[in-house]
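Shown next, in structure tokens, is the structure this report addresses.
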Amino acid sequence: MLLIRCPYCGERSEIEFANGGEAHIARPADPMSQTDEEWAQYLYMRDNPKGLIAERWRHAHGCNRFFNALRDTRTDRFVMTYEMGRPRPEIDAATLAEAAR
């Protein structure tokens, strides 16, 4: 079973959580000024890296709050979770190597 650490409730089973997509996506300041192509880019196009990605998650069957997580897509291992509104943390090489195992 995969355990995910909610920054508000602690470690819980993966079935309590829902993925909310890529984190730190900035909404355009004036959406009405966007072309259809620019708006589609904002709505639908996301990174799909092999490795570390910042994602939004919601503790759907717990506190129901959103938080951010750094997850390695190669191993599905969560490197860390952090509260919404905080910037993406810098990760050192040792932590990255551990996540890739």
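Residues in the sequence shown are numbered from 10 upward in steps of one, following the numbering used here. Idealized CB from N, CA, C, for every residue including glycine.
Please report the residue range of the alpha helix (DSSP H) in which residue i lies.
| i | result |
| --- | --- |
| residue 52 | 45 to 53 |
Could you please give the first and the last residue of the uninterrupted beta strand (DSSP E) stretch that includes residue i?
| i | result |
| --- | --- |
| residue 86 | 86 to 92 |
| residue 65 | 61 to 67 |
| residue 75 | 75 to 81 |
Alpha carbon to alpha carbon, how far is residue j from residue i? Give it in angstroms, no decimals.
| i | j | result |
| --- | --- | --- |
| residue 64 | residue 83 | 15 Å |
| residue 103 | residue 41 | 44 Å |
| residue 86 | residue 58 | 14 Å |
| residue 11 | residue 23 | 5 Å |
| residue 51 | residue 79 | 21 Å |
| residue 47 | residue 88 | 32 Å |
| residue 53 | residue 62 | 17 Å |
Spatial neighbours of residue i within its chain, please: C-beta separation below 8 Å, excluding the five flanking residues on both sides.
| i | result |
| --- | --- |
| residue 55 | 30, 31, 34 |
| residue 69 | 25, 26, 27 |
| residue 73 | 67 |
I need the DSSP call for residue i, collapsed to helix, strand or coil.
| i | result |
| --- | --- |
| residue 38 | coil |
| residue 13 | strand |
| residue 32 | coil |
| residue 20 | strand |
Enumerate in chain order the residues of its own chain whose CB-to-CB distance from residue i is below 7 Å, with the five nearest sequence positions on each side excluded.
| i | result |
| --- | --- |
| residue 92 | 16, 76 |
| residue 71 | 15, 18, 21, 25 |
| residue 60 | 81, 82, 83 |
Can you list, in chain order, the residues of its chain with a C-beta nearer than 6 Å to that of residue i? Leave out the 5 residues immediately preceding and following it.
| i | result |
| --- | --- |
| residue 43 | 37 |
| residue 90 | 14, 16, 76, 78 |
Just mark residue i as buried or exposed, buried being the case when its beta carbon has 16 or more other beta carbons within 10 Å.
| i | result |
| --- | --- |
| residue 95 | exposed |
| residue 81 | buried |
At the 9 Å Cβ level, is residue i part of the contact set with chain C, yes or no?
| i | result |
| --- | --- |
| residue 43 | The displayed structure is made up of one protein chain only, and chain C is not part of it. |
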